[in-house]
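Participant: First residue of the sequence shown? That's 1012 in the working numbering, and the numbers climb one at a time after it. All C-beta atoms in this analysis are idealised placements derived from N, C-alpha and C, irrespective of residue type, glycine included. Just so it is clear, the structure is predicted and the values come from calculations on it, not from any experiment.
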Amino acid sequence: MQKTLAQLDSFGKNIKREDYSNNMEYFKEISKMLNEDPLYTHRLNIVGERVVYSITPKCPETQRLEPIHGYFSILSGETIKIITLDELMEESEKTGTPIILDASTIKEISIFKGNKPLLADTQNVGQIEVRSVPFEIPVTIYVPGNGIRYEISLRVEEKNPALLILSNYFSDFPIKFRFQFDLQKDDDHRSTGRFNIACETKSLDVTQAYQFHVFMGQVIENGILAMKDSENRNVINVSYINDIDKRSTPFENISDLLKKLSFIQEMTGLRIPLPLSIGAEDVISIENVYNFYKNKKIITSLKGYSINFPLDREYLELLLKRVGEDGVIEGFTAYHRKKIVNVCGIQLSLGSVAEQYPSMRFEPPIHELRKEFGNDNKETFDVKLLPINNDPVIISPMKSQWGLLSNRDN
């Protein structure tokens, strides 16, 4: 183990085990030294008596500046086969899985970092894993001077002397970016390029959809899109847009509803998927719930509607004593312990609410209801109330009172 780790000292430092009181301090010093490497990320993890060492390129240029290369002699059946590190990397890239060489099959190792030996000893090697990992560039996509920013990682889709294509299509992030850069510059040392921005509507929630609508509006309005390195905050690219359809932005026809749905999602903490369609009833429910959280009340008309509810015999008897011969109930309040509403297929609880109703009349008429009450011994009666005029119903949050007229949960 000591001999293997000592070979990792590719910077000319002499780190000796006897200079440290225990293995942990010794390994910490080696890790500190390895972290100075500008091209590779080195990691040492200690698991019991085992030391797990990994080395990963920091950037695509690493393999050109100081490539890791070498070969392995492995036992293949009854013969010894020699394979190169490049061959293992290619195989890993094709299969998308790591190539693992166990100590029992490794007969000889020779690995170099540039022209410096990195590993040439099988004595303390338990296992070697070679994995091809696509390079990801963490970037911030934004419109200068505006607030919405997308923190994403881009991978190289294609690269040749004339073209570079970067995208985040590999990720599950619903907003997709694809940038195509022409690497051959004109006489003014400028290059042209194209980019594509799309979204997967089935994966968006309403907040993401609204932010995407605003973001694309900013792109269209300003005609500019910028890319910044997320780690060092340096600007990588600024694209000036010459040809773009400025007639509309995504979700333009429902932008106001998305804004309100986004507000509802923020207030409730409940994720609301982007609706694939929004009907007239959805519009009404969105407006009502938005007003409930924004203005602390819902004002809605009962014109053309009736209130149908069952009343226990005890409550109906109490009402009949209080209602005059005209069958009119003056303005009253019904209390609900838990008001449930449907917003675009999502059940939302408004909590405890008070519903203030205008004056209403009984249906059937009060004299028929009294007659039914006297002649029928049933415990529950179906009652209907109809509005007398166009005064609204006002629904607001309540904290302490519970219903006399309403014993319902919704």
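As a quick exercise: from D1240, R1244, F1262 and N1248, pick the residue whose alpha carbon is nearest that of M1227.
Facilitator: F1262
Participant: Spatial neighbours of Y1221 within its chain, please: CB distance less than 8 angstroms, with the 5 preceding and 5 following residues excluded, ordered by chain position.
Facilitator: F1262, S1266, L1269, K1270, L1272 and S1273
Participant: Taking a contact to mean a Cβ-Cβ separation below 8 angstroms, would you say F1188 touches I1152 in this structure?
Facilitator: yes
Participant: Could you tell me the alpha carbon to alpha carbon distance between R1381 and F1392, rounded to whole angstroms?
Facilitator: Using only the alpha carbons, I get a separation of about 11 angstroms.
Participant: From what residue to what residue does the beta strand (DSSP E) around R1381 run?
Facilitator: Here R1381 belongs to no beta strand (DSSP E); instead the alpha helix (DSSP H) covers I1377 to N1386.
Participant: Under 8 angstroms, do I1406 and F1303 count as touching if we go by C-beta distance?
Facilitator: yes
Participant: If contact is defined by three or more beta carbon pairs under 8 angstroms, each pair taking one atom from either stretch, is the segment 1138-1150 in contact with the segment 1107-1121?
Facilitator: yes
Participant: Report the three-state DSSP secondary structure of G1107 (helix, strand or coil).
Facilitator: coil
Participant: The alpha helix (DSSP H) that contains Q1074, what's its start and end?
Facilitator: T1073 to L1076
Participant: Who are the near neighbours of I1310 in its chain, counting only those whose CB is closer than 6 angstroms to its CB and skipping five residues on each side?
Facilitator: P1403 and I1405
Participant: Give me the residue from F1146, V1339, I1122 and I1085 with the minimum Cα distance to T1116.
Facilitator: Checking every option, the nearest Cα to that of T1116 belongs to I1085.
Participant: Which same chain residues, not among the five before or five after S1065, have their C-beta less than 6 angstroms away from its C-beta?
Facilitator: R1054
Participant: Report the residue from A1209, I1148 and S1296 whose alpha carbon sits nearest the alpha carbon of I1357.
Facilitator: S1296
Participant: Go ahead and label K1024 buried or exposed: buried means 16 or more other beta carbons lie within 10 angstroms of its beta carbon, across all protein chains shown.
Facilitator: The predicted position of K1024 is uncertain, since its pLDDT is 46 and thus under 50; a value taken from the coordinates is nonetheless stated next. Looking at its Cβ environment, which holds fewer than 16 other Cβ atoms inside 10 Å, K1024 is exposed.
Participant: Check this for me: beta carbons of T1052 and K1069, under 8 angstroms apart or not?
Facilitator: yes
Participant: What three-state label does DSSP hand V1062 in the structure shown?
Facilitator: strand
Participant: Could you give the DSSP three-state label for S1121: helix, strand or coil?
Facilitator: strand
Participant: Answer with buried or exposed for Y1368, where buried requires no fewer than 16 other C-beta atoms within 10 angstroms of its C-beta.
Facilitator: Under this definition Y1368 is a buried residue.
Participant: Could you pull out every residue in the same chain whose Cβ sits closer than 8 angstroms to the Cβ of I1094, ignoring the five residues on either side in sequence?
Facilitator: Y1082, F1083 and I1085
Participant: If you draw a straight line from the alpha carbon of V1334 to that of S1370, how long is it in whole angstroms?
Facilitator: 12 angstroms
Participant: How do the segment 1224-1240 and the segment 1273-1292 stand: do at least 3 beta-carbon pairs fall below 8 angstroms, yes or no?
Facilitator: no
Participant: Using only the alpha-carbon positions, how far apart do P1375 and K1395 sit?
Facilitator: 7 angstroms
Participant: Shorter than 7 angstroms, the distance from the beta carbon of L1322 to the closest heavy atom of the ligand ATP, or not?
Facilitator: The ligand ATP is not among the ligands present in this structure, which contains no ligands whatsoever.
Participant: Between P1398 and L1313, how many whole angstroms is the CB-CB distance? I'm expecting something under 8 angstroms.
Facilitator: 4 angstroms
Participant: What number of angstroms, rounded off, separates the C-alpha of K1350 from the C-alpha of F1320?
Facilitator: 15 angstroms
Participant: Would you please state the rounded distance, in angstroms, between the beta carbons of L1506 and T1073? I believe it to be under 8 angstroms.
Facilitator: Outside the modelled stretch of the chain, which goes from 1012 to 1421, sits residue 1506, for which no answer is possible.
Participant: For the segment 1235-1250 against the segment 1146-1166, are there 3 or more C-beta pairs whose distance is under 8 angstroms?
Facilitator: yes
Participant: Take L1330 as the anchor and find which of F1373, E1366, K1308 and S1143 has the nearest alpha-carbon.
Facilitator: F1373
Participant: Do V1300 and I1340 have their CB atoms nearer than 8 angstroms?
Facilitator: no
Participant: Helix, strand or coil for L1361 per DSSP?
Facilitator: strand
Participant: Roughly how many whole angstroms lie between the Cα atoms of I1120 and L1099?
Facilitator: A direct Cα-to-Cα measurement between I1120 and L1099 gives close to 13 angstroms.
Participant: From P1145 to V1167, what does the alpha carbon distance come to, in whole angstroms?
Facilitator: 8 angstroms
Participant: Between N1056 and Q1195, what straight-line distance do the alpha-carbon atoms span, to the nearest angstrom?
Facilitator: For N1056 and Q1195, the distance between alpha carbons rounds to 44 angstroms.
Participant: For S1446, which of E1169, L1165 and N1171 has the nearest alpha-carbon?
Facilitator: Since the first and last residues shown for the chain are 1012 and 1421, residue 1446 lies out of range.
Participant: How far does the beta strand (DSSP E) with A1114 in it extend, from its first residue to its last?
Facilitator: That residue, A1114, is in no beta strand (DSSP E); it is neither H nor E in DSSP.
Participant: Return the CA-CA distance between R1160 and N1245, expressed in angstroms with no decimal places.
Facilitator: Between the C-alpha atoms of R1160 and N1245 there is a straight-line separation of about 15 angstroms.
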